[in-house]
Amino acid sequence: MAQVQIVDLDSDGLPDIVVCDALRDTVGWIRQSPRGTFTETTIASIAAPAHAAPVDFDHDGDVDLVIASLGVLMPSNNRTGSVILLENDGHQHFTPHVLADHIARVADAEPADLDGDGDLDLAVAGFGYDDGETSWLENKGGGKFEQHVLLRLSGPINAVVADINNDHHPDIVALVSQEWEEIWGFVNDGRGHFTNRMLWGSTNPDFGSSWISLADMNQDGKVDILYANGDAFDYAPPNSRPWQGVQWLENLGNLKFSLHRIAAFPGASSPQAVDVDGDGDLDVVVSSANNDWDNPQAPSLVWLENNGHMQFTKHAIATSPTHLDTLFAGDLDGDGLPDIVAGGMHISRPYTRMGRVTMWMNRGQKATH
Amino acid sequence: MAKKRRTNRAVAAIIVTALAAAVGIPAVTRIQLRSHVVPLPDLSSQPAAVRSHLEAERRAALDDISNDAAAGAYCLALHADMFFDAAERCYEGVERRDAANWRWTYYRALILDENGGGQPFVDAMRRVTASAPDYGPAWWRLGEAEFKLGEYDAAADAWRRAMAAPEPERGPGTPVRTADIPLAAYARLGLARISLSKNDAEGARPLLEAAVAAAPRSGSAYRLLAEADEALHRDSEARAAKLRADRLPQYAPYADPLIEALARTSRNSTFLLRQASEADLAANAAWSEFLIRRALGFDPDNPDVLAKLGRLLRTLGRNEEALDVLRAYHDKVPGDLQGLAQLGSCLSDLHQFAEAERMLRQALAGLDDAQTHYNLGVVLGATDRVGEAVEEYRKALQRDPYLFDAGNNLAAAYAREGRLADAAAELQKILAADPDNVMARANLQLIGRAVPAPPARPPARR
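Next up, the structure:
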């Protein structure tokens, strides 16, 4: 599973789950109806889908999906990537429209009006393999998009849109992995002209950058970056490395960011800031894609509890299933507490304790499986 | 109870003082030296080889407490066995007692480097370069760290020093580990990155041309050269550089002799496999195999080591040896379909087609990937089931249209069936996507079809 997320796809008031299954080449909808009952249907066959972004792309009042497609799951320099709009007809029948293809394998595509002309453009992480690029796709109207390359470095995993310099224009923050291990900011003048700035970089070419998400972690009005490094596929065995973990980059203003380690956590992936315990500060939930799974105590999902002073205590939520590379936190059962959905990617041993999509319902003090 | 502990401590202090007096080391110094020998980390989940390695090195450090080299060797063992926190504390102690030896600072800095770098790493590397200005890898690492902090001028200064520094001496160990790419080429890559970051492709280009001249197997240099050429709208040159890069090894950091020393010390399979992976097999196959076999010796129950050894032997064309290793892996991890597919492919290379087919079909039942369909096509073609081979090659191409080997084999299969027009069409498809595909070009000539002109080449540069 490349990505899971909680979204009310049919707008019936009950949150559903959308999954990108890169092993089965499908985008799935796990519909909640009635409350507490979940049923999966395939809504599109797409080659190695990596990310789905829900958005009303055509402004017709329903939820469409923008899909980032790798084309092939296994590493390749071939330009098999594409960005596909799944247009919702209002009854959850989805028609695919190719917005861009024959580009580097796409790991992420995020819609936003990047040039201020009122329509939705796309920030695109073209992971590729040794070749790759971060770019944006300018919506030229009539279903036509023009690619503008921002950075020709391989391995972009995320291209996330947010205003990082508080100038009210949407900027792009990209996590660039492979040997670069850098986080880049692309600062927008509001008209689609971007200035590149490396916000942070690791000197370790095997640092294993796996995921970023953006949140105002310290609630000071500036968007910070939550960052996990837990990838371990640079070389065998794909297990723990001493440097893997979760950190946040504090936005100090003027495009300066300061790195703070939150916790060591082997295989860290898909960190999300969320107030798990309802105490008003942002905690972090994070999964593990590559832990030392031969040890049955190795956690695959943890909650990093914030004490309100940006000091975090690690609580294991689960040790099974293993190989959880993606998660999403949201209130699935309507009790006001964030629950967690996680997806497994079982492409390395051990092939036991496997799970495709798993939910953990938050019952208050302690999450229960 | 508290009183009793105090009494015990007093007795212990008297014993330590007496022993120290006996060997001529002041008691206070001796206690300080002992405190530098950090406790063993939790070794409960470690293989026996790692446990005994660290226990022996710590014992040696304690037995010869005034010997800085013994204390340092324990730190190196912790480092090489990937106990970074303990190693860092250990190095701090040895730095204090053996301040004249810059290597302890360097090794401690390498741990900071692994943890991402940052200002503490820069500070440590500055101390190293002040003490050992001729050790080029320290300048190179300093350049990397400054660059990542956005300090481009400081990075450029450091990389220029690395470029001017001599290649460092290597130890006498065997097998020999040679530098796949010279240090100066890495420094040029760094300088080129600065130029590219400043949108100065013109400035980057000569640096990269010099880098590829000195390091013709550096895929990274060719890739950055392609980037510079693209920025300069030299499209055909960019394309040629990219194609060249695609055929070269991926990026690996400079083969630092001090890391080589760690590799020769290490008992940790992850550390050893990492070093094995970073070596270019063209020059360092023996080194890579040496490390993997060491890992297997120290961690014999680890299936990942077997898988790595099997892949290496396959790459080196030693399929008979690889077969035993891959079978051992399969016995340990029967559920790994990639492993099964690898085993099937190895059997195919050894012309054991019946068993190969069985393995590949078993793998495909759960895997259904392009490469395995292709490999099954090879087996079917080799056993004269051309029609079935065609189906498998088609399936491979459906799953990965860029798997040109499948396209070439599909064309060959069509030709065997007398379907020359279909064969030519397949080959034309390949050449449209990859005009440099030598196999497609040769096959097209073989079947007598018009071959498209090769892409224009840029004139040779002086």
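For the record, the sequence lines run as chains A and B. Going by this note's numbering, the first sequence opens with residue 246, and the numbers climb by one from there. Going by this note's numbering, the second sequence opens with residue 2, and the numbers climb by one from there. By construction, the Cβ of each residue, glycine as well, lies at the ideal position given by its N, Cα and C atoms. Just so it is clear, the structure is predicted and the values come from calculations on it, not from any experiment.
Item: Cβ-based burial, B/L197 [other Cβ within 10 Å; buried from 16]; Value: buried
Item: Spatial neighbours of A/H414 in its chain, beta-carbon cut-off 7 Å, leaving aside the 5 residues before and after; Value: D408, N433, D434 and G435
Item: Start and end residues, alpha helix (DSSP H) containing B/A212; Value: A202 to A215
Item: Residues of the segment 451-463 of chain A with Cβ closer than 8 Å to any Cβ of chain B, in chain order; Value: D451 and F452
Item: Touch test, the segment 246-260 of chain B against the segment 228-235 of chain B, Cβ-Cβ under 8 Å, three pairs minimum; Value: no
Item: 8 Å Cβ cut-off: residues of chain A touching B/F122; Value: T448
Item: Candidates B/G382, B/A426, B/G388 and B/H374, of which the one nearest B/R404 by Cα; Value: In the sequence as presented, Arg is not what sits at residue 404 of chain B; that position holds Leu. Comparing Cα positions, the closest option is B/H374.
Item: C-alpha distance - A/V351 paired with A/A404, whole-angstrom precision; Value: 10 Å
Item: Distance between B/A414 and B/G388 (C-alpha atoms, nearest Å); Value: 8 Å
Item: Every unbroken beta strand (DSSP E) within the segment 162-198 of chain B, with a cutoff of 3 residues, ordered by chain; Value: none
Item: Cβ contact check for the segment 339-357 of chain B and the segment 365-383 of chain B: 3 or more pairs under 8 Å; Value: yes
Item: Whole-angstrom C-beta distance between B/L338 and B/A364, which should lie under 8 Å; Value: 5 Å
Item: Closer than 8 Å to chain B by CB, A/N323; Value: yes
Item: Helix, strand or coil at A/R506 according to DSSP, with G and I counted as helix; Value: strand
Item: Cβ neighbours of A/L559 in the same chain (closer than 6 Å, five flanking residues each side left out); Value: Leu is not the amino acid found at residue 559 of chain A; the sequence shown has Lys there. These residues qualify, in order along the chain: A508, V547 and L549.
Item: Closest Cα partner of A/P487 within the set B/D230, B/S289, B/A155 and B/L79; Value: B/L79
Item: Contact with chain B by A/P341, beta-carbon distance below 8 Å; Value: no
Item: Cβ contact check for the segment 64-79 of chain B and the segment 269-287 of chain B: 3 or more pairs under 8 Å; Value: no
Item: Cβ-based burial, B/N1 [other Cβ within 10 Å; buried from 16]; Value: Nothing in the structure corresponds to residue 1 of chain B, since chain B is present only between 2 and 463.
Item: Residues within the segment 329-343 of chain B neighbouring chain A, beta-carbon criterion of under 7 Å; Value: V334, G336 and D337
Item: B/A80, enclosing alpha helix (DSSP H) - first and last residue; Value: Just to set this straight, residue 80 of chain B is His in the shown sequence, not Ala. Residues D69 to A81.
Item: Helix, strand or coil at B/D257 [DSSP, three-state]; Value: coil
Item: Helix, strand or coil at B/S270 according to DSSP, with G and I counted as helix; Value: helix
Item: Cβ-based contacts, 7 Å cut-off: residues of the segment 33-46 of chain B near chain A; Value: S46
Item: Cβ-Cβ distance between A/V369 and A/L359 below 8 Å; Value: no
Item: Cutoff 8 Å: B/K199 Cβ touching any chain A Cβ; Value: no
Item: Cut-off 6 Å between Cβ atoms - residues of its own chain near A/E378, not counting five sequence neighbours on either side; Value: A349, G371, V394 and R397
Item: Element boundaries [beta strand (DSSP E), containing B/G345]; Value: Here B/G345 belongs to no beta strand (DSSP E); instead the alpha helix (DSSP H) covers L338 to D350.
Item: Near-chain A residues of the segment 306-330 of chain B (beta-carbon distance less than 9 Å), N- to C-terminal order; Value: V306, A308, K309 and R312
Item: A/S399 to A/N535 span [Cα, whole Å]; Value: 22 Å
Item: Whole alpha helix (DSSP H) elements within the segment 385-447 of chain B, 4-residue minimum; Value: 387-400, 405-417, 421-434 and 439-447
Item: The segment 271-301 of chain B: positions lying closer than 7 Å to chain A by Cβ; Value: T271, L274, R275 and S278
Item: A/P341: first and last residue of the uninterrupted alpha helix (DSSP H) it sits in; Value: Where A/P341 is concerned, there is no enclosing alpha helix (DSSP H), although the beta strand (DSSP E) it sits in stretches over F339 to I348.
Item: Whole-number beta carbon distance between B/Y330 and B/G318, since they are thought to touch under 8 Å; Value: Actually they are not in contact, since the Cβ atoms of B/G318 and B/Y330 sit about 19 Å apart, beyond 8 Å.
Item: Contact set between A/Y480 and chain B, taken where Cβ atoms lie within less than 7 Å; Value: L274, R275 and S278
Item: Buried or exposed by the 16-neighbour rule on C-beta atoms within 10 Å, applied to B/R224; Value: buried
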